[in-house]
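Asks: All letters in the sequence shown, in the order written, are residues 1 to 281 by my numbering.
Just so you know, even glycine gets a beta-carbon here, dropped at the ideal spot from N, CA and C.
Would you mind keeping the following structure in view while I ask a few things?
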Amino acid sequence: MKKIIFLSLLFLGFKAEAQKGIIFKVKYLPNHTYTGAINMEINCNATLSGNDTVISKLASQGITQPVTANIKFKMNGNTQTSAAGPDGTFPLTMKYKFDDLSAAINGNPIPIPTEKLGAGVSIYGHVGKDGKLKADSIGGKKMADTSEEKVSKMMNAIQKNIKFPDHPMKIGETFTQDMPLAIPVGGSNMDLDSKVVYKLVSMADGNAIFDVQQSMNMTIPISGSSMMVNGTGTGKLVYSIKNNFATDYSSNLVIKISGKVKTLQVDATAKVDMDYKYDIQ
Numbered sequence: 001m002k003k004i005i006f007l008s009l010l011f012l013g014f015k016a017e018a019q020k021g022i023i024f025k026v027k028y029l030p031n032h033t034y035t036g037a038i039n040m041e042i043n044c045n046a047t048l049s050g051n052d053t054v055i056s057k058l059a060s061q062g063i064t065q066p067v068t069a070n071i072k073f074k075m076n077g078n079t080q081t082s083a084a085g086p087d088g089t090f091p092l093t094m095k096y097k098f099d100d101l102s103a104a105i106n107g108n109p110i111p112i113p114t115e116k117l118g119a120g121v122s123i124y125g126h127v128g129k130d131g132k133l134k135a136d137s138i139g140g141k142k143m144a145d146t147s148e149e150k151v152s153k154m155m156n157a158i159q160k161n162i163k164f165p166d167h168p169m170k171i172g173e174t175f176t177q178d179m180p181l182a183i184p185v186g187g188s189n190m191d192l193d194s195k196v197v198y199k200l201v202s203m204a205d206g207n208a209i210f211d212v213q214q215s216m217n218m219t220i221p222i223s224g225s226s227m228m229v230n231g232t233g234t235g236k237l238v239y240s241i242k243n244n245f246a247t248d249y250s251s252n253l254v255i256k257i258s259g260k261v262k263t264l265q266v267d268a269t270a271k272v273d274m275d276y277k278y279d280i281q
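Dropping the structure here:
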């Protein structure tokens with residue numbers, strides 16, 4: 001009888017916790033170390049048309065149709081946050097480097113100079129009172145009118161667009177994250193519109209589990225023309241309630257690509273598989 005009462009109370013406790021819901025708000029915390037690993041694989045099949053001269057030249061080099069491309073990379077790094085000041089803000093340092101980077105076309109490896117990638121990149125920034133990250137410098141250098149400044153501005157724009165639910169989420173509830181971006185490419189902008197829908201499906205062991213539906217549309221300017229990129233996919237996210245952070249995320253995205261590079265028409269389908277894991281101390 002005591003065992004039955006205990007199990008009943010335990011079940012009621014879990015039910016009450018689920019009914020209460022969680023505040024879903026990913027943010028960095030002071031005096032923490034976030035150690036992460038990212039794996040990504042891209043498999044692409046493309047057909048080319050419209051310029052027989054270019055197609056014949058590629059064929060003579062062993063690049064026959066359909067053109068298949070495979071790219072894999074592994075990246076690891078850590079983010080270290082310091083103590084918060086009187087205003088609640090605190091500095092942080094992000095360090096990331098490639099563990100592995102490989103590419104192949106039609107099964108033939110492509111040499112990639114990875115020597116410069118070995119040192120990785122360091123990003124210095126701070127977290128505001130709203131919990132959002134702002135990049136201040138890359139590699140210890142102040143931002144100038146360079147590609148590094150553009151990367152910093154893009155990171156800050158992403159953080160600015162991030163919005164979380166303003167109420168506790170309950171199981172079965174969803175929220176949508178829209179991410180419109182204009183990414184500088186040469187003298188033009190690469191317009192990206194990304195949307196992710198998160199659905200809370202369960203809570204267990206201090207974690208909240210979300211199903212993810214994602215879509216993206218992108219226009220890439222190329223030589224007076226443009227490439228249209230459209231993608232949809234699914235994923236799974238594990239959110240640590242105690243740490244206010246996503247500790248595990250996996251996604252599968254299918255992307256359709258269509259457009260011209262000068263006189264060459266490119267139509268392709270790519271499958272992008274990605275996962276990342278974080279350990280938080």
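Does the Cβ of Gly304 have 16 or more other Cβ atoms within 10 Å, making it buried, or fewer, making it exposed?
Replies: In the structure displayed, the chain extends from 1 to 281; residue 304 sits before or after that span and is not available.
Asks: Name, in chain order, the residues that DSSP records as bridge partners for Ala126.
Replies: The question names Ala, yet the displayed sequence has His at residue 126. According to DSSP, His126 bridges with Pro91, Lys134.
Asks: In whole angstroms, give me the CA-to-CA distance for Asp52 and Gly120.
Replies: For Asp52 and Gly120, the distance between alpha carbons rounds to 41 Å.
Asks: For Thr234 versus Ser215, is the C-beta distance shorter than 8 Å?
Replies: No. Outside cutoff.
Asks: For Val67, list the residues DSSP reports as bridge partners.
Replies: DSSP, once it has assigned bridges, lists Ala46 as partnering Val67.
Asks: Check each candidate in Val212, Val272, Lys199 and name the one with the smallest Cα separation from Glu173.
Replies: It is Lys199.
Asks: What does DSSP give as the partner residues of Glu305 in its beta bridges?
Replies: Given a span of 1 to 281 for the chain in the structure shown, any question on residue 305 remains unanswerable.
Asks: Taking the DSSP output, what are the residues bridged to Phe98?
Replies: Answer is Met75, bridged to Phe98.
Asks: Entirely within the region 187 to 236 and at least 4 residues each: give me those alpha helix (DSSP H) ranges in chain order.
Replies: The region 187 to 236 contains no whole alpha helix (DSSP H) run of 4 or more residues.
Asks: Using a Cβ-Cβ cutoff of less than 8 Å, which residues in the same chain neighbour Pro351 once the five nearest sequence positions on both sides are dropped?
Replies: Outside the shown range of the chain, which is 1 to 281, sits residue 351, and nothing can be said about it.
Asks: Does the region 27 to 35 touch the region 249 to 260, meaning 3 or more C-beta pairs lie closer than 8 Å?
Replies: The region 249 to 260 is not in contact with the region 27 to 35.
Asks: Within the continuous alpha helix (DSSP H) that includes Asp52, where are the two ends?
Replies: Residues 52 to 60.
Asks: To the nearest angstrom, report how far apart Lys132 and Lys27 are at their CA atoms.
Replies: Using only the alpha carbons, I get a separation of about 6 Å.
Asks: Just list the residues that DSSP pairs Pro109 with in beta bridges.
Replies: Looking at the DSSP assignment, Pro109 forms a beta bridge with Ala104.
Asks: Nearest by alpha-carbon distance to Leu192: which of Met228, Tyr276, Met218, Ile110 is it?
Replies: Leu192 has its Cα closest to that of Met218, out of Met228, Tyr276, Met218, Ile110.
Asks: Does Thr176 pass the burial test, meaning 16 or more other C-beta atoms within 10 Å, or should it be called exposed?
Replies: Flag for Thr176 reads exposed.
Asks: From which residue to which residue does the beta strand (DSSP E) around Ala246 run?
Replies: 245 to 261 is the span of the beta strand (DSSP E), which, as asked, contains Ala246.
Asks: What's the call for Val201, buried or exposed, on a 16-neighbour Cβ count within 10 Å?
Replies: Exposed, because fewer than 16 other Cβ atoms sit within 10 Å of the Cβ of Val201.
Asks: Let's test the definition: count the other Cβ atoms within 10 Å of the Cβ of Ala268 and tell me whether it reaches 16, buried, or not, exposed.
Replies: The residue in question, Ala268, is buried, as its Cβ has 16 or more Cβ neighbours within 10 Å.
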